[in-house]
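Heads up: the sequence lines are chains G and E, in that order. Numbered per my numbering, the first sequence spans residues 1 to 161. Numbered per my numbering, the second sequence spans residues 1 to 161. For glycine and all other residues, C-beta sits at the position ideal for the given N, C-alpha and C.
There are 2 protein chains.
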Amino acid sequence: MYKPCDTRAVPDLVALCKELELTWHRDIPLAAAMSIGVAGYDGATLTVRAPLPPNRNLHGTAFAGSLFSTCVLTGWGAVWLALRARGLDGVIVVADSTIHYRKAVAVELVCRCTPDAEALRAGLDQFATARRASFDLACAIEHAEQRAVIFTGKYVVHAHS
Amino acid sequence: MYKPCDTRAVPDLVALCKELELTWHRDIPLAAAMSIGVAGYDGATLTVRAPLPPNRNLHGTAFAGSLFSTCVLTGWGAVWLALRARGLDGVIVVADSTIHYRKAVAVELVCRCTPDAEALRAGLDQFATARRASFDLACAIEHAEQRAVIFTGKYVVHAHS
């Protein structure tokens with residue numbers, strides 16, 4: 001027998017991505033200066049882009065601070081989207097991070113973050129009950145099909161006070 | 001017998017700091033967007049400042065990417081100044097870095113870097129002969145007399161090609 005799909009519980013990922021980008025541009029002046037944008041989100045991988053011109057350094061390649069900021073926002077956005085897709089809301093802060101610059105990036109900055117699905121689910125469950133959780137995420141910026149920048153960050157989420 | 005001090009070989013640190021700040025603002029758009037500036041340099045410690053408003057996040061405190069960018073530029077500047085004070089010039093890039101966010105920064109960002117004098121001298125000697133050297137530096141941003149942000153970075157210097 002035909003059973004209709006109830007779409008009321010399915011979050012609108014496109015609308016969430018627009019809200020994420022709006023939040024960055026409205027509330028973080030440096031994100032606006034970088035012209036950072038959400039390029040895609042399929043519920044697992046978040047892809048973020050930033051054009052080279054406002055993010056260049058004195059060698060004409062991407063500035064280390066822009067590469068870091070793109071990564072740290074991508075990880076933050078991946079947690080924000082995962083929370084919102086579950087109907088949760090919290091304060092997300094980065095606690096520690098490490099970045100390896102392996103190759104110069106001479107094109108548009110494209111950063112991807114795919115949180116481990118099992119760890120993400122466990123963290124969201126913990127946040128839903130304990131109102132606090134942490135997430136260890138990895139983000140990467142590729143250039144010419146190589147990982148040019150590798151970032152890892154620990155994000156802590158706590159309930160709004 | 002009186003022997004006059006030959007000041008021709010003494011670099012003008014104030015002029016070097018102005019050149020450093022001009023380089024950042026002219027060649028790194030994000031540094032200009034951050035309104036970053038050199039607050040002081042005594043030949044050992046470089047102090048860099050950035051006002052909070054262009055560097056805030058959605059919680060009204062300093063954006064993680066601005067804190068990182070301030071640190072990475074302070075370390076870069078400390079190497080640049082040490083090279084120039086020795087009459088040397090090279091391409092400085094950051095290879096790896098780690099940052100710990102211990103406290104939120106709700107005021108002007110003030111970052112300090114004091115390279116280890118012995119390691120700095122050894123690195124400059126190596127660069128002068130081998131045309132390549134690396135420097136491990138630590139930078140810190142204090143808030144309310146506590147270290148709010150601790151950054152370590154590995155910088156590689158090579159001769160202009």
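DSSP on residue i, reduced to helix/strand/coil?
i	result
T45 (chain E)	coil
F63 (chain E)	coil
V79 (chain E)	helix
T70 (chain E)	helix
G87 (chain G)	coil
M1 (chain G)	Reliability fails at M1 (chain G), whose pLDDT of 48 lies under 50, so the model's placement of it is uncertain and the value that follows must be treated cautiously. The answer is coil: DSSP assigns M1 (chain G) none of H, G, I, E or B.
L109 (chain G)	strand
A128 (chain E)	helix
Can you pull the DSSP bridge partners for residue i?
i	result
V93 (chain G)	G:V156
Q146 (chain E)	E:H143
L137 (chain E)	E:G153
T98 (chain G)	G:T152, E:T98
G37 (chain G)	G:R49
R121 (chain G)	According to DSSP, R121 (chain G) bridges with nothing at all.
Please report the distance separating the alpha-carbon of residue i from that of residue j.
i	j	result
E142 (chain G)	C139 (chain E)	28 angstroms
C113 (chain E)	A64 (chain E)	18 angstroms
L46 (chain E)	V14 (chain G)	45 angstroms
V48 (chain G)	A119 (chain E)	39 angstroms
G43 (chain G)	R121 (chain E)	51 angstroms
Q126 (chain E)	Q146 (chain G)	31 angstroms
Taking 9 angstroms as the cut-off, decide whether the C-beta atoms of residue i and residue j are in contact.
i	j	result
A95 (chain G)	H100 (chain E)	yes
L81 (chain E)	P54 (chain G)	no
S69 (chain G)	S69 (chain E)	yes
S35 (chain E)	C71 (chain E)	no
L124 (chain E)	L73 (chain E)	no
L67 (chain G)	L109 (chain G)	yes
V105 (chain E)	A148 (chain E)	yes
A85 (chain G)	L16 (chain G)	yes
V156 (chain G)	I92 (chain G)	yes
G75 (chain E)	A159 (chain E)	no
R56 (chain G)	I28 (chain E)	yes
L88 (chain G)	A117 (chain G)	no
C111 (chain G)	A50 (chain G)	yes
K103 (chain E)	A130 (chain E)	no
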